[in-house]
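Residue numbers (our numbering): 100 to 264. We put the CB at the ideal spot given by N, CA and C, even for glycine.
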């Protein structure tokens, strides 16, 4: 088998695993919809749907491009010691900024809850915990992706999806 064919086969296998993992994550969210609609009140479900876009926006703020920067420098690096330095530098940076950002969000939660939700609901505190956990879990996910371990990538991504639920 030629080198090109081997690369295409490996890429196809990885694409299938990543695609299946993404479909599985979306299916979990879809399957939880009856639980949400039967257990949560209409107002609470509305609050949940207002928090989702907030989480998406804040994930971008919490990551501030470090995901792309990590992949840009980690993947081409061949020296394991240098790879460890890149990983630890990015992780410590994310750990510190996630702690600071989460702390700031906790301080402004009453005003933020009133602005986003129109009331003083405590759901935002849970959203802040989710943001912090997402911030701390994205690097291991990218690590497995960058070393071509798609099954580990999907397993961690699935756990992260369950975290949000």
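| Query | Result |
| --- | --- |
| Segment limits, alpha helix (DSSP H) that includes residue 158 | 141-162 |
| Buried or exposed (CB count within 10 angstroms, at least 16 for buried), residue 118 | exposed |
| Span of the alpha helix (DSSP H), counted from its first residue to its last, around residue 167 | 165-173 |
| Length of the line joining the Cα atoms of residue 122 and residue 116 | 10 Å |
| Counted within 10 angstroms of its Cβ, other Cβ atoms place residue 181 as buried (16 or more) or exposed | exposed |
| At least 3 beta-carbon pairs within less than 8 Å: the region 151-161 vs the region 219-231 | yes |
| Within 8 Å, strictly: CB atoms of residue 212 and residue 220 | yes |
| Candidates 191, 124, 111, 204: closest to residue 222 by CA position | 204 |
| Option nearest residue 165 by Cα separation, candidates 146, 145, 154, 242 | 242 |
| Buried versus exposed call for residue 189 [16 or more other C-beta atoms within 10 Å across all chains shown] | buried |
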